[in-house]
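K.L.:
Numbering (full-length UniProt numbering), first residue to last: 1 to 263. Every residue gets a Cβ at the ideal spot worked out from N, C-alpha and C, and that includes glycine. None of these values were measured; they are calculated from a predicted model.
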């Protein structure tokens, strides 16, 4: 099982070495901004590395919204990040499920997701797997609760879509972790990546606040059980830099019964 961490994008491979990680996830541009990603000088080195690469799309992207000034740029930015992520050999592009504003019809949000994939198809499709991630908060979210996730997957039935399961988001979003993998796979048919995070916020709090695996409000054994059931690669998005994330990676390897994975 490949286990890694979300790291600073300056030198992701050095960050992987420092954490003894099999994989890294990072941003290609400001996660709170709308600028398109620039080509990376280390693209060839990243493509040839024995470390698995994942890219997280900017947080500002919300392709579900009915607000044209956000939705249309979001589609363009998502496709731009997918193209840039593919250029460095990334295995997937993670993007949050998004939401509609209060009073707006959530059904339109799901259809806007469908239109996003149709928009990409007009340009030949996304060049790598797009992994939609469950989110922690919001009553109008497209991927917080499993009933909404089921409606989203119904809307995207004509397209190949991946899924990223975040344990903090699920817990804070009000979904029990016990048996969650089976409930998710009954909807999506797959889990491509696990974001293994503990939660500073309580169950159902809606708070997207990550904690290290030995802290927070989730029993660490539940996080391990989710990973074991999912059978997917793992990224920790926990605090503490090299020391904190390195300890979380070592903990997971110990609990899952393996050393550093072979390339």
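Tell me the residue span of the beta strand (DSSP E) that contains residue 25.
P.N.:
Mapped onto the chain shown, residue 25 falls at position 25. Element bounds for residue 25: 23-26.
K.L.:
So, under 8 Å CB-CB, residue 227 and residue 252 are touching, yes? Tell me the CB distance rounded to an integer number of Å.
P.N.:
Taking the first residue of the chain shown as 1, we reach residue 227 at position 227. Taking the first residue of the chain shown as 1, we reach residue 252 at position 252. That pair is a contact at about 7 Å.
K.L.:
Based on Cα-Cα distance, which residue from 101, 162 and 250 lies nearest to residue 18?
P.N.:
Taking the chain shown and counting its residues from 1, one reaches residue 18 at position 18. When only C-alpha atoms are compared, the closest one is 250.
K.L.:
Tell me whether residue 133 sits in a helix, a strand or coil according to DSSP, three-state version.
P.N.:
The residue given as residue 133 occupies position 133 in the chain shown. Three-state DSSP puts residue 133 in a strand.
K.L.:
Would you call residue 39 buried or exposed, if buried means 16 or more other Cβ atoms sit within 10 Å of its Cβ?
P.N.:
Working through the chain shown from its first residue, we reach residue 39 at position 39. Residue 39 is exposed by the Cβ-count criterion.
K.L.:
What are the complete alpha helix (DSSP H) segments, minimum 4 residues, inside the segment 164-236?
P.N.:
Correct list: 167-173, 180-188 and 220-230.
K.L.:
Please report the straight-line C-alpha distance between residue 156 and residue 68, rounded to a whole angstrom.
P.N.:
Along the chain shown, one-based indexing puts residue 156 at 156. Along the chain shown, one-based indexing puts residue 68 at 68. The straight-line gap from Cα to Cα measures roughly 20 Å.
K.L.:
Measuring straight from C-alpha to C-alpha, what distance separates residue 47 and residue 36?
P.N.:
Your numbering for residue 47 matches position 47 in the chain shown. Your numbering for residue 36 matches position 36 in the chain shown. Cα-Cα distance, rounded: 20 Å.
K.L.:
On a Cα-Cα basis, can you pick out the residue from 86, 205 and 248 that is closest to residue 4?
P.N.:
Residue 4 sits at position 4 when you count from the first residue of the chain shown. Per the Cα distances, 248.
K.L.:
For residue 161, which beta-bridge partners are listed by DSSP?
P.N.:
Walking along the chain shown from the start, residue 161 turns up at place 161. DSSP output for residue 161 lists no bridge partner at all.
K.L.:
Given residue 232, which residues of its chain have a CB within under 7 Å of its CB, disregarding the five upstream and five downstream residues?
P.N.:
Along the chain shown, one-based indexing puts residue 232 at 232. Excluding positions up to five away in sequence, the list reads 191, 192, 193 and 194.
K.L.:
Taking all protein chains shown into account, decide if residue 176 is buried (16 or more other Cβ within 10 angstroms of its Cβ) or exposed.
P.N.:
Locating residue 176 in the chain shown gives position 176, counting from the first residue. Label assigned to residue 176: exposed.
K.L.:
Using the beta-carbon count (16 or more within 10 Å), is residue 161 buried or exposed?
P.N.:
The residue you call residue 161 lines up with position 161 of the chain shown. Counting Cβ neighbours within 10 Å, residue 161 comes out buried, since at least 16 surround it.
K.L.:
I'd like the list of long-range same chain contacts for residue 59, defined as Cβ closer than 8 Å, with 5 residues on each side in sequence excluded.
P.N.:
Here residue 59 refers to the residue found at position 59 of the chain shown. Taken in chain order, the residues that qualify are 31, 32 and 96.
K.L.:
Across which residues does DSSP place residue 4 in a beta bridge pair?
P.N.:
Sequence index remark: in the chain shown, residue 4 carries index 4 (1-based). DSSP output for residue 4 lists 23 and 235 as bridge partner(s).
K.L.:
Between which two residues does the alpha helix (DSSP H) holding residue 242 run?
P.N.:
In the chain shown, the residue the question calls residue 242 occupies position 242. 241-256 is the span of the alpha helix (DSSP H), which, as asked, contains residue 242.
K.L.:
Starting from residue 95, follow its DSSP beta bridges and name the residues at the other end.
P.N.:
Position 95 of the chain shown, counted from the first residue, corresponds to residue 95. In DSSP, residue 95 forms a bridge with 132.
K.L.:
Just to confirm my understanding: we take residue 12, look at its own chain, exclude 5 residues before and 5 after, and list those with CB closer than 6 Å. What are they?
P.N.:
For the purposes of this step, residue 12 is taken as the residue at position 12 of the chain shown. Cβ within range, chain order: 24 and 26.
K.L.:
Measure the C-alpha to C-alpha separation of residue 113 and residue 152 and round it to an integer number of angstroms.
P.N.:
The residue labelled residue 113 in the question sits at position 113 within the chain shown. The residue labelled residue 152 in the question sits at position 152 within the chain shown. Going by the C-alpha atoms only, they are around 8 Å apart.
K.L.:
Within 10 angstroms of the Cβ of residue 165, are there 16 or more other Cβ atoms? Answer buried if so, exposed if not.
P.N.:
Locating residue 165 in the chain shown gives position 165, counting from the first residue. Residue 165 comes out buried.
K.L.:
Taking just the CA atoms, how far does residue 121 sit from residue 86?
P.N.:
Translated into the one-based positions of the chain shown, residue 86 becomes position 86. Translated into the one-based positions of the chain shown, residue 121 becomes position 121. Approximately 16 Å between the Cα atoms of the pair.
K.L.:
Measure the alpha-carbon distance for residue 108 versus residue 244 and round it to whole angstroms.
P.N.:
As a first step, residue 108 must be located in the chain shown, where it is residue number 108. As a first step, residue 244 must be located in the chain shown, where it is residue number 244. Each residue's Cα considered, the two are about 41 Å apart.
K.L.:
Restricting to runs no shorter than 3 residues, where is the beta strand (DSSP E) found entirely within the segment 24-91?
P.N.:
As far as the segment 24-91 is concerned, its whole beta strand (DSSP E) runs of at least 3 residues are 52-56.
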